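Contents: one structure, followed by commentary.
Protein chains: 2
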Amino acid sequence: MRIALLGGTGDIGEGLALRWAYHTNHEVIIGSREPEKARAKAEEYETELDSRGVERKVTGFKNEMAADRADIVVLAVPPYHVADTVETIADKLDEGDVLVSPAVGIKRDDDGFHYHRPGAGSVTEIVADAAPEGVSVVGAFHNLAAARLADLDAELGIDTLLVADDEDAKETVRMLAEGIEGLRALDAGGIANAPEIEAVTPLLINVATNNEGLHDLGVRFQ
Amino acid sequence: MRIALLGGTGDIGEGLALRWAYHTNHEVIIGSREPEKARAKAEEYETELDSRGVERKVTGFKNEMAADRADIVVLAVPPYHVADTVETIADKLDEGDVLVSPAVGIKRDDDGFHYHRPGAGSVTEIVADAAPEGVSVVGAFHNLAAARLADLDAELGIDTLLVADDEDAKETVRMLAEGIEGLRALDAGGIANAPEIEAVTPLLINVATNNEGLHDLGVRFQ
Numbered sequence: 001m002r003i004a005l006l007g008g009t010g011d012i013g014e015g016l017a018l019r020w021a022y023h024t025n026h027e028v029i030i031g032s033r034e035p036e037k038a039r040a041k042a043e044e045y046e047t048e049l050d051s052r053g054v055e056r057k058v059t060g061f062k063n064e065m066a067a068d069r070a071d072i073v074v075l076a077v078p079p080y081h082v083a084d085t086v087e088t089i090a091d092k093l094d095e096g097d098v099l100v101s102p103a104v105g106i107k108r109d110d111d112g113f114h115y116h117r118p119g120a121g122s123v124t125e126i127v128a129d130a131a132p133e134g135v136s137v138v139g140a141f142h143n144l145a146a147a148r149l150a151d152l153d154a155e156l157g158i159d160t161l162l163v164a165d166d167e168d169a170k171e172t173v174r175m176l177a178e179g180i181e182g183l184r185a186l187d188a189g190g191i192a193n194a195p196e197i198e199a200v201t202p203l204l205i206n207v208a209t210n211n212e213g214l215h216d217l218g219v220r221f222q
Numbered sequence: 001m002r003i004a005l006l007g008g009t010g011d012i013g014e015g016l017a018l019r020w021a022y023h024t025n026h027e028v029i030i031g032s033r034e035p036e037k038a039r040a041k042a043e044e045y046e047t048e049l050d051s052r053g054v055e056r057k058v059t060g061f062k063n064e065m066a067a068d069r070a071d072i073v074v075l076a077v078p079p080y081h082v083a084d085t086v087e088t089i090a091d092k093l094d095e096g097d098v099l100v101s102p103a104v105g106i107k108r109d110d111d112g113f114h115y116h117r118p119g120a121g122s123v124t125e126i127v128a129d130a131a132p133e134g135v136s137v138v139g140a141f142h143n144l145a146a147a148r149l150a151d152l153d154a155e156l157g158i159d160t161l162l163v164a165d166d167e168d169a170k171e172t173v174r175m176l177a178e179g180i181e182g183l184r185a186l187d188a189g190g191i192a193n194a195p196e197i198e199a200v201t202p203l204l205i206n207v208a209t210n211n212e213g214l215h216d217l218g219v220r221f222q
């Protein structure tokens with residue numbers, strides 16, 4: 001499949017891009033608001049993969065162009081840019097394309113990190129509200145530590161939870177997720193169930209902050 | 001130590017009572033609003049332990065009496081009974097006693113299970129607000145599947161997260177938690193960090209509901 005990572009120059013975008021390029025044969029397209037930045041990062045990822053003996057073409061484009069070329073569009077942008085990013089690319093999406101939402105609202109105070117739940121209910125719901133008709137939305141990859149994902153030497157052995165109201169789209173993303181070695185994708189139901197998943201991300205930071213020897217945590221349901 | 005499990009006749013109370021009686025030498029006291037029920041359950045737990053070759057005294061009392069006899073009081077009652085339960089036992093608590101809050105507000109709709117966050121911020125915070133001066137509060141054991149805990153043949157291999165504003169009390173509960181074989185206790189910071197922990201419980205139910213072969217789930221941070 002052709003996967004566009006909008007915000008693919010950022011941390012979670014980098015991790016997903018490298019993992020998909022390394023572990024699968026899906027076409028990986030980096031999107032950014034600045035096309036030069038997208039191209040530069042794509043080259044950087046190619047170099048990283050090349051250093052591991054994997055010759056892979058990774059391309060970089062402006063977000064709209066990246067979305068236009070892809071079947072699966074991952075919104076690896078900060079939560080407050082999600083709605084306008086979907087608006088920007090809306091007319092480049094074809095019926096049957098899938099939008100994937102990994103973003104999480106987090107606020108920090110003196111005690112720790114907390115889930116900043118948006119008025120819509122969740123960031124995934126914001127994407128669903130903004131998505132053009134015929135384009136399905138899947139919430140996924142919320143609880144992955146970006147640095148660990150981007151370190152191809154790091155073993156995963158963790159889960160990602162999927163929410164979607166369209167079972168076919170969910171199955172497509174499940175397949176993409178499980179293409180990443182060590183990542184298990186579990187079904188968490190419909191998009192209405194996204195808040196509890198998004199809230200795990202600040203929790204992971206709190207646990208890592210308060211326990212020596214734990215960092216870049218993920219979660220395993222067992 | 002002397003541990004009172006108020007609501008110790010209910011599911012999570014039963015699991016903790018059996019595990020502590022089975023794996024540790026702490027004194028286990030069952031509390032209930034109805035003393036006969038507490039005594040009957042305590043006997044039932046003794047019989048279960050006896051069938052496994054463990055001869056243990058488990059006692060049962062009215063909640064107030066149970067709290068009076070204990071150093072650690074676990075509020076294994078439904079979230080809407082937490083505040084009045086603390087009120088009922090308040091004058092039986094001594095300075096230095098520790099209240100432990102495992103309860104979680106959950107609501108169900110057509111999509112699944114959701115965190116029902118109380119106005120105070122979390123159930124743990126409700127307990128902290130209601131606790132008499134000199135009595136510390138620790139949030140713990142929120143994300144344990146009761147049936148799995150109560151089945152002494154079931155392996156755990158999962159984590160419980162602790163929140164408290166009093167580090168000594170947190171350390172006491174950490175020690176109690178890790179006395180249970182297969183349970184790892186992790187520090188998640190202060191009580192203000194409780195909501196994200198409590199929200200994991202409905203998530204565990206959603207994941208178990210939507211994935212064949214997964215049930216009575218716990219979580220492991222790794």
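Quick mapping for you: the protein sequence lines, in order, are chains A and B. Position 156 of the first sequence, counted from 1, bears residue number 156 in our numbering, the numbering being contiguous throughout. Position 184 of the second sequence, counted from 1, bears residue number 184 in our numbering, the numbering being contiguous throughout. Just so you know, even glycine gets a beta-carbon here, dropped at the ideal spot from N, CA and C. For clarity, every value in this text was computed on a predicted model and none was experimentally measured.
- The C-alpha of A21 (chain B) lies about 22 Å from the C-alpha of R33 (chain B).
- Here DSSP, grouped into helix, strand and coil, assigns D71 (chain A) to coil.
- Cβ atoms of A17 (chain A) and L5 (chain A) come within 8 Å of each other, at about 5 Å.
- For A120 (chain B), there is no enclosing beta strand (DSSP E), as DSSP marks it with neither H nor E.
- P79 (chain B) is positioned such that its CB atom lies closer than 7 Å to that of G105 (chain B).
- When the Cα atoms are used, L176 (chain A) and R220 (chain B) turn out to be separated by approximately 23 Å.
- The Cβ of D153 (chain B) sits no closer than 7 Å to any Cβ of chain A.
- A Cβ of chain A is located within less than 7 Å of the beta carbon of D187 (chain B).
- Note on geometry: alpha-carbon atoms of D165 (chain A) and D50 (chain B) lie some 49 Å from one another.
- Following the DSSP letters along the chain, one finds V173 (chain A) inside the alpha helix (DSSP H) bounded by residues E167 to E178.
- When DSSP states are grouped into helix, strand and coil, V137 (chain B) belongs to the strand group.
- Between the alpha carbons of V77 (chain A) and G10 (chain A) lies a gap of roughly 8 Å.
- The beta carbons of D187 (chain A) and N210 (chain B) sit about 4 Å from each other, so the pair counts as a contact at 8 Å.
- Taking G112 (chain A) as the centre and dropping the five residues before and after it, the same chain places the C-beta of N206 closer than 6 Å to its C-beta, in chain order.
- The Cβ atoms of I126 (chain A) and V82 (chain A) sit closer than 7 Å to each other.
- Excluding residues up to 5 positions away in sequence, V100, P102, T160, L162, V173 and A177 lie with their Cβ nearer than 7 Å to the Cβ of A140 (chain B) in the same chain.
- Of all residues in the segment 205-217 of chain A, the ones placed with a Cβ closer than 9 Å to any Cβ belonging to chain B are N206, V207, A208, T209, N210, N211, L214 and L217, in chain order.
- I158 (chain A) reaches chain B at Q222, counting residues in chain order whose Cβ is nearer than 8 Å.
- Assigned with DSSP and collapsed to three states, V86 (chain B) falls in helix.
- Looking at A:A90, A:E55, A:E48 and A:V54, the one whose alpha-carbon comes closest to that of D68 (chain A) is A:A90.
- When the five nearest sequence neighbours on each side are left out, the beta carbons in the same chain lying within less than 7 Å of the beta carbon of N63 (chain B) are those of L6, G31, S32, R33, T85, T88 and I89, in order along the chain.
- Short of 7 Å from the beta carbon of N193 (chain B), and not among the five residues preceding or following it, lie these beta carbons of its own chain, in chain order: V163.
- Shown here, D50 (chain A) sits in a helix according to DSSP, grouped into three states.
- R19 (chain B) sits buried, since 16 or more C-beta atoms from the chains shown fall within 10 Å of its C-beta.
- With respect to the C-alpha of I29 (chain A), the residue from A:M1, A:H23 and A:E48 having the closest C-alpha is A:M1.
- For A147 (chain B), the enclosing alpha helix (DSSP H) begins and ends at A146 to A150.
- Scanning chain A for C-beta atoms nearer than 7 Å to the C-beta of N193 (chain B) yields D111, G112 and N206, reported in chain order.
- Interface annotation, A199 (chain A): in contact with chain B, CB-CB separation under 7 Å.
- The residues G105, I106 and K107, in chain order, have a CB closer than 7 Å to that of H116 (chain B) in the same chain once the five nearest residues on each side in sequence are set aside.
- For G218 (chain B), the closest alpha carbon among the candidates B:G189, B:I191, B:A169 and B:R148 is that of B:R148.
- For G190 (chain A), the chain B residues whose Cβ falls inside 9 Å of its Cβ are D110, D111 and G112, in order along the chain.
- Nearest in C-alpha terms to E171 (chain A), of all of A:A66, A:A145, A:E155 and A:V137, is A:V137.
- The alpha carbon of D110 (chain A) has as its nearest neighbour, out of B:L152, B:T124, B:G179 and B:G190, the alpha carbon of B:G190.
- The residues W20, H23, T24 and H26, in chain order, have a CB closer than 8 Å to that of G179 (chain B) in the same chain once the five nearest residues on each side in sequence are set aside.
- With the criterion set as a beta carbon lying under 8 Å from some beta carbon of chain A, the segment 22-47 of chain B has no members that meet it.
- Classified as buried, K41 (chain A) has 16 or more neighbouring CB atoms from the shown chains inside 10 Å of its CB.
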